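**Student:**
Numbering (this note's numbering), first residue to last: 9 to 286.
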């Protein structure tokens, strides 16, 4: 009888332990869902505000550009005045570029959805990057192990996403000051969908962009997808690249994760659902 009581007690303890584990997992999922809701609402609010601000700023910017053109025509051969005008035009054009990005991603646009080979797009982007001065001293390596790489998406938007990752990696390597050669590795693999996504997909595509740059601090890592947040020096980044990239990925039913430590490089991980090729 005593042994039976002990056995029942052990069974009850095991049931209690399993219940606690399930509650802890549920709490983690709830916290994650809460953070996603907060982030989604923040992005929606920023989208509404930025759309109105962009429209208000766009008109006077156009007028400023017109006046600069008139001043340029009257500058004659004055090299110093022309140089000042050129610098002003560059800064004004940077403002216009930021406004265009805000408008593009704060209003519905028609997507050109089609079957896309991610490996094919990546090869195109890598070739484009290698001829840029920023990548002159960097090794960009590809390790495509995914058997299924076809997704449904907009090729131009995906190229923009990949270029954002590559440019951020190159910038991080340049400012790291490391003696070792700069390296960017792009790897792909297929993994079971249930391990990465919550919609029970049988299989997904995971693409990693890994660099040996300066890395990102833990505090900044939690903010890199916020609109207008940037770790780059003032005047060199708008803080919209990763936000836009996240919107592109989520519109395709995917997600982006980031892993990094200061001084140890960064991994940007894109997860996308693959198309059924049967």
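Even for Gly, the Cβ is constructed at its ideal location relative to N, Cα and C.
Note that the coordinates shown come from a computational prediction; the quantities given were computed from them, not determined experimentally.
Apart from the five residues on each side of it in sequence, which residues of its chain come closer than 7 Å, Cβ to Cβ, to residue 89?
**Tutor:** Contacts found: 83.
**Student:** Within its chain, find whatever has a CB closer than 8 Å to the CB of residue 12; leave out the 5 residues flanking it on each side and keep chain order.
**Tutor:** Around residue 12: no qualifying Cβ.
**Student:** I'd like the span of the beta strand (DSSP E) that includes residue 268, first residue to last.
**Tutor:** 263–268 is the extent of the beta strand (DSSP E) around residue 268.
**Student:** Locate the beta strand (DSSP E) running through residue 146, then write down its first and last residues.
**Tutor:** Start and end: 146–152.
**Student:** Measure the alpha-carbon distance for residue 9 versus residue 26 and round it to whole angstroms.
**Tutor:** For residue 9 and residue 26, the distance between alpha carbons rounds to 26 Å.
**Student:** Can you list, in chain order, the residues of its chain with a C-beta nearer than 7 Å to that of residue 117? Leave out the 5 residues immediately preceding and following it.
**Tutor:** Note that residue 117 has pLDDT 49, beneath the 50 cutoff, so the model's placement of it is unreliable and no number is given.
**Student:** What I want to know is whether the C-beta of residue 252 ends up closer than 7 Å to one or more non-hydrogen atoms of the ligand NAD.
**Tutor:** The model on display carries no ligand, and the ligand NAD is accordingly not part of it.
**Student:** Just verifying my parser: in three-state terms, what is the DSSP assignment at residue 276?
**Tutor:** Three-state DSSP puts residue 276 in a strand.
**Student:** Would you decide whether residue 165 is buried or exposed? Buried here means 16 or more other CB atoms lie within 10 Å of its CB.
**Tutor:** Residue 165 is buried by the Cβ-count criterion.
**Student:** I'd like to know whether the C-beta atoms of residue 233 and residue 250 end up nearer to each other than 8 Å.
**Tutor:** Yes, the Cβ-Cβ distance between residue 233 and residue 250 is below 8 Å.
**Student:** If you check the beta carbons only, do residue 280 and residue 212 fall under 8 Å apart?
**Tutor:** Contact flag set, yes.
**Student:** Out of 170, 221, 103, which one is the CA nearest neighbour of residue 133?
**Tutor:** Selected option, being the one with the closest Cα: 170.
**Student:** Please list the segments of the beta strand (DSSP E) lying wholly inside the region 157–196, counting only runs of 3 or more residues, in order along the chain.
**Tutor:** DSSP runs (the beta strand (DSSP E)) wholly in the region 157–196: 158–161.
**Student:** Please name the residue, chosen from 94, 14, 231, 126, that lies closest to residue 78 on a Cα-to-Cα basis.
**Tutor:** The candidate whose alpha carbon is nearest that of residue 78 is 94.
**Student:** Go ahead and label residue 125 buried or exposed: buried means 16 or more other beta carbons lie within 10 angstroms of its beta carbon, across all protein chains shown.
**Tutor:** Exposed, because fewer than 16 other Cβ atoms sit within 10 Å of the Cβ of residue 125.
**Student:** If you draw a straight line from the alpha carbon of residue 34 to that of residue 189, how long is it in whole angstroms?
**Tutor:** So the alpha carbons of these two residues sit roughly 44 Å apart.
**Student:** Since residue 125 is in the beta strand (DSSP E), which residue starts that stretch and which ends it?
**Tutor:** Residue 125 -> beta strand (DSSP E) spans 122–125.
**Student:** Are the CB atoms of residue 260 and residue 123 nearer to each other than 8 Å?
**Tutor:** Taking 8 Å as the Cβ cut-off, residue 260 and residue 123 do not qualify as a contacting pair.
**Student:** Give me the residue from 265, 269, 86 with the minimum Cα distance to residue 278.
**Tutor:** Selected option, being the one with the closest Cα: 265.
**Student:** Do residue 180 and residue 221 have their C-beta atoms closer together than 8 Å?
**Tutor:** In this structure, residue 221 lies closer than 8 Å to residue 180 by Cβ.
**Student:** For residue 143, which three-state DSSP category applies?
**Tutor:** Reduced to three states, the DSSP call for residue 143 is helix.
**Student:** Quick one: what's got a C-beta closer than 7 Å to residue 96's C-beta in the same chain, skipping five residues either side?
**Tutor:** So the qualifying residues of the chain are 76.
**Student:** Who are residue 281's beta bridge partners in DSSP?
**Tutor:** Partner(s): 212.
**Student:** With DSSP as the reference, identify every bridge partner of residue 199, one or two as the case may be.
**Tutor:** DSSP lists 212 as partners of residue 199.
**Student:** For residue 255 and residue 168, what's the separation of their Cα atoms in angstroms?
**Tutor:** Their Cα atoms are separated by approximately 12 Å.
**Student:** With a CB to CB cut of under 6 Å and the five nearest residues on each side skipped, what residues in its chain are close to residue 290?
**Tutor:** With the chain covering only 9 through 286, there is no way to say anything about residue 290.
**Student:** Leaving out five residues before and five after residue 239 in sequence, what residues of the same chain have Cβ atoms less than 7 Å from its Cβ?
**Tutor:** If we look at residue 239 and ignore the five residues flanking it on each side, its Cβ neighbours are 224, 228.
**Student:** To the nearest angstrom, how far is it from the Cα of residue 267 to the Cα of residue 92?
**Tutor:** Going by the C-alpha atoms only, they are around 42 Å apart.
**Student:** Assign residue 14 to one of three DSSP states: helix, strand, or coil.
**Tutor:** Residue state, collapsed to three classes: helix.
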